[in-house]
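Trainee: The structure follows.
Below, the structure written as structure tokens:
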């Protein structure tokens with residue numbers, strides 16, 4: 083009868099014990115297996131004790147490799163971090179740079195860095211560099227999109243192409259940029275025909291954001307003119323579907339078929355964005371938190387801080 087040793091010290095004694103009908107080589111093999119089994123048991127015990135320690139001071143378990151340690155760290159991090167999946171980016175065949183575009187009701191993400199880069203037909207002669215020229219071309223672009231039944235925000239959307247062709251320096255829009263430290267952001271009317279479109283300049287104070295809201299129109303085209311902007315999109319159940327940051331020159335688009343969104347300035351610097359709504363609308367639905375009931379929105383009234391460069395009376 084062979085007894086499994088309780089400690090490693092008895093293993094040595096076991097290898098010299100006479101075992102009837104078993105050769106010395108077989109005894110050595112048996113002793114080795116017993117020793118390896120005992121060492122695995124010790125390792126498992128040490129690992130279990132290590133995982134029972136607080137996460138703030140997790141020691142590496144016995145015999146844990148660097149790869150295993152990295153994998154364990156990633157697992158711990160994933161349990162404490164909310165991750166928002168971003169849809170796979172699609173590339174237009176004529177887009178030769180590293181920027182990417184989402185199509186079919188998904189906002190354009192990183193569509194441009196500088197106007198004209200993504201358009202093979204853009205030249206220095208047709209780049210838009212001032213507000214009057216930009217405004218003059220809006221109604222035609224909106225009508226063309228509807229007449230040709232082009233999906234808003236798609237690569238061939240004339241309105242999106244109009245934004246991509248624009249290269250507006252600060253001097254072109256600074257007369258419309260009015261900040262107010264008492265407000266998270268200001269909505270400054272640049273132009274409207276009260277039928278086809280409304281063009282606004284939004285000025286964002288540091289670390290401020292809008293409520294979640296819808297767009298009762300064909301959608302909203304948004305371009306960052308200065309600073310950095312964060313856009314968080316939600317479905318109709320107010321569940322986050324997209325969380326993206328945009329830098330100066332980049333363009334985004336959203337419609338109610340995509341969902342709702344909130345926009346904000348995540349940095350300590352002011353930010354300025356250009357918004358086009360087609361057609362104009364005076365009211366929308368708002369939610370102050372994704373925890374609010376989707377069926378009980380608050381009515382939002384679109385008020386202007388300034389119109390055509392002049393601040394309105396409070």
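Residue numbers (the working numbering): 83 to 396.
Note that CB positions come from ideal geometry on N, CA and C, so glycine has one too.
Note that the coordinates shown come from a computational prediction; the quantities given were computed from them, not determined experimentally.
Residue 239: which of 248, 330 and 226 sits nearest, CA to CA?
Mentor: Closest option to residue 239, Cα to Cα, is 226.
Trainee: Rounded to the nearest angstrom, what separates residue 363 and residue 302 at their Cα positions?
Mentor: 11 Å
Trainee: What is the rounded straight-line gap between the Cα of residue 216 and the Cα of residue 370?
Mentor: Cα to Cα, the separation comes out at about 33 Å.
Trainee: If I follow the unbroken alpha helix (DSSP H) through residue 252, where does it start and stop?
Mentor: 252-255
Trainee: May I ask you to verify whether the region 340-355 touches the region 286-306, counting CB pairs closer than 8 Å and requiring at least 3?
Mentor: yes
Trainee: Here's a check: name, in chain order, each residue in its chain whose Cβ is nearer than 7 Å to the Cβ of residue 299, leaving out the five neighbours to either side.
Mentor: 359, 360, 361 and 363
Trainee: Only counting the same chain, and skipping five residues up and downstream in sequence, which positions put a Cβ closer than 8 Å to that of residue 384?
Mentor: For residue 384, same chain residues with a beta-carbon under 8 Å away, outside a window of 5 residues either side, are 269, 363, 364, 365 and 366 in chain order.
Trainee: Please confirm whether residue 470 and residue 328 have their CB atoms less than 8 Å apart.
Mentor: Outside the displayed span of the chain (83 to 396) sits residue 470, for which this structure offers no information.
Trainee: Please state the DSSP three-state secondary structure of residue 325.
Mentor: strand
Trainee: Return the first residue and the last residue of the alpha helix (DSSP H) that residue 243 is part of.
Mentor: 240-247
Trainee: At which residue ranges does the region 297-371 contain complete beta strand (DSSP E) runs of 3 or more residues, listed in the order of the chain?
Mentor: 302-308, 310-316, 322-329, 333-336, 342-346, 353-359 and 365-369
Trainee: From residue 211 to residue 373, what does the alpha carbon distance come to, in whole angstroms?
Mentor: Those two C-alpha atoms are separated by around 42 Å.
Trainee: Comparing C-alpha positions only, which one of 243, 345, 208 and 332 sits nearest to residue 223?
Mentor: 243
Trainee: Measuring CA to CA, which of 375, 297 and 218 is closest to residue 382?
Mentor: 297
Trainee: For residue 315, which residues from the same chain have a beta carbon less than 6 Å from its beta carbon, with the 5 sequence-adjacent residues on both sides left out?
Mentor: 323, 324, 341 and 343
Trainee: For a test of the three-state rule: what should DSSP assign to residue 273, helix, strand or coil?
Mentor: strand
Trainee: In angstroms, rounded to a whole number, what distance separates the CA positions of residue 273 and residue 392?
Mentor: 12 Å
Trainee: Under the assumption that residue 266 contacts residue 312 (Cβ atoms under 8 Å), give the Cβ distance between them as a whole number of angstroms.
Mentor: Actually they do not touch by this definition, with Cβ atoms about 13 Å apart.
Trainee: I'd like the span of the alpha helix (DSSP H) that includes residue 383, first residue to last.
Mentor: Looking at the DSSP string, residue 383 is not in any alpha helix (DSSP H); the run it does join, the beta strand (DSSP E), is 380-383.
Trainee: Determine the closest residue to residue 214 out of 229, 258, 228 and 231, with distance taken between C-alpha atoms.
Mentor: 258
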